[in-house]
Amino acid sequence: MKILIRILLLLALLALMVVLVPSAVPMALAEDTVAYPAYEPVELEAEIVIPISYEDKVPYAPIPEKFLPDNAGYVDPTISVRVEEMRVYDTDVTLVWVQIAHATQLRTKQASPYPSKKEVRPDVIARRVSSVLAINDDWFMHRKEGYIVRNGEELRTSYSEKYDSLIIDDKGDLHIIQKPTEEKIRAFEGTIIQALAFGPGLVVDGEMVELNTSDEYAPNKPTQRLALCQMDSLSYLVVATAGGKETPGSTGLTIPQMQQLCYDLGVKQAYNLDGGNSSSVILDDKKINSMGMKSVRSIGGILYFITADPTVPREE
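Position one of the sequence shown corresponds to residue 4 (the numbering used here), numbered consecutively onward.
Written out as C-alpha cells, the structure reads:
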C-alpha cells in the first residue's frame, strides 16, 4: 500500500511539473517548422593563424573548391561558413553560422573612403576584398549621428543616443552599447576595431533588452531584416529574413519579432543592421538571401569574413 501511495505521489508531482515548467518550444517558431537549426561549435584545423593587418590589402583569396554546392557554405582550415534556411512568422529566414580562426578575419570595407557617400553593390565590394562571406553594414554616411570606427581607424565622433552602438574589439567580440554617450564609449576598456551606429541592440549577454527604437528602421513594420549575432568566441550567426512586397510568400518581421527570433536561437549578442532592400548576404560574390541578384541595392559598405589560408594568394 505504501508503494502504491508513493507511485501516485510521484505521478502527481510529474503532472504538476508539466504545468509549472515553461515550455521549451521557442515563441517565434512557425507551425510548419519542426525545430530551430542548432548551433554546432566548429573546431577549425588551423593550428596557428598569423594576424592580418587591417592597413594592408587582404592577402589571400577563397579557395574555389572549398565553397559547398547549392550555396551551402564554405570550409577551409581557417574559416567555416554554414548556411541553413528556416521559416518563422510566415517568413523565410536565412541563417549563416560562421567560425573564424583569428579576429582579423572579420573586417569592414567602404564603397569609397570616408567621407565619400558613394554607393556600390555589396557583391561588387565583396569581390574587391576577396571575401568568403559579406553582409551589409549600418550605412552610416547617410546620417550625421553616431560614433564610427572602421578597421581600427576612428572616422567620426558624433556621439548620439539615437542609435545603439555595436563595438567589435580586437578579440572579435561583439559589444552593444545602448543609447551611447561619449562617456559610455570612452569607458569601454577594450581595443575598438569596428564601431557601428544603427541597431537597435536586440540581445545583450544572452538576454532580450528594452529596445531603443527609431522611426528610421520602422520597428513595427514587417519587412526584411538582418542581424549580426555572436554565439561564442570567434563564432557568429547572421540572421537575414525575407519580407515585404519584394518577396512574395514572406510577411517579414518587425523589430520585436526579430529580437525574439535571435533570442530563441540562443545567441549571446544580437545587433540589428540596415534592412529592407539593403539586407544582403553575399557568399562567393553572389547574394543568397531573399531575392538573389534581381534586386541588390547599392550601399555604403560591408562587414565581411576572409580566409587566412595562404593556399591561394590574392591577385592584385
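Beta carbons: idealized from backbone N, C-alpha and C, even for Gly.
Check, Outcome
"3 or more residues per run - each beta strand (DSSP E) lying fully within the region 228-258", "228-235 and 238-244"
"Residues that W100 bridges to, as DSSP identifies them", "R85 and L240"
"Q347 versus P72 - alpha carbon distance", "Summary: the structure shown does not reach residue 347, with the chain confined to residues 4 through 319, and so no result is reported for it."
"Best match in D277, S236 and L205 for proximity to L306 [C-alpha to C-alpha]", "D277"
"Residue from V84, T244 and V52 whose Cα sits closest to the Cα of V135", "V84"
"Where A311 falls: helix, strand or coil (DSSP)", "coil"
"V284 - DSSP class collapsed to helix/strand/coil", "strand"
"Member of K187, Q227 and I82 whose CA lies at the smallest distance from the CA of E249", "Q227"
"Exposed unless 16 or more other CB atoms sit within 10 angstroms - verdict on T194", "exposed"
"Element boundaries [alpha helix (DSSP H), containing I128]", "P125 to R131"
"Residue span of the alpha helix (DSSP H) that contains E185, given as start and end", "E185 to R189"
"Start-to-end residues for the beta strand (DSSP E) that takes in H145", "Here H145 belongs to no beta strand (DSSP E), and DSSP marks it neither H nor E."
"Option in P203, D93, I53 and H178 with minimal Cα separation from I196", "H178"
"Pick from V206, T314, E87 and I285 that is closest to V127, judged by C-alpha positions", "I285"
"Classification of H145 by the beta-carbon crowding that lies within 10 angstroms, buried from 16 upward", "exposed"
"Buried or exposed (CB count within 10 angstroms, at least 16 for buried), P329", "Because the chain is modelled from 4 through 319, residue 329 falls outside the range shown and cannot be assessed."
"Distance between S236 and P225 (C-alpha atoms, nearest Å)", "32 Å"
"Sufficient close CB pairs (3 or more, under 8 Å) joining the region 148-165 to the region 175-189", "yes"
"Neighbourhood of I180 by C-beta, 7 Å cutoff - its chain only, sequence neighbours within 5 removed", "D167, S168, I170, K187 and I188"
"Sheet register partners of N275 (DSSP bridge)", "A230"
"Close Cβ partners of W100 (< 6 Å) along its chain, the five nearest in sequence each way excluded", "R85 and L240"
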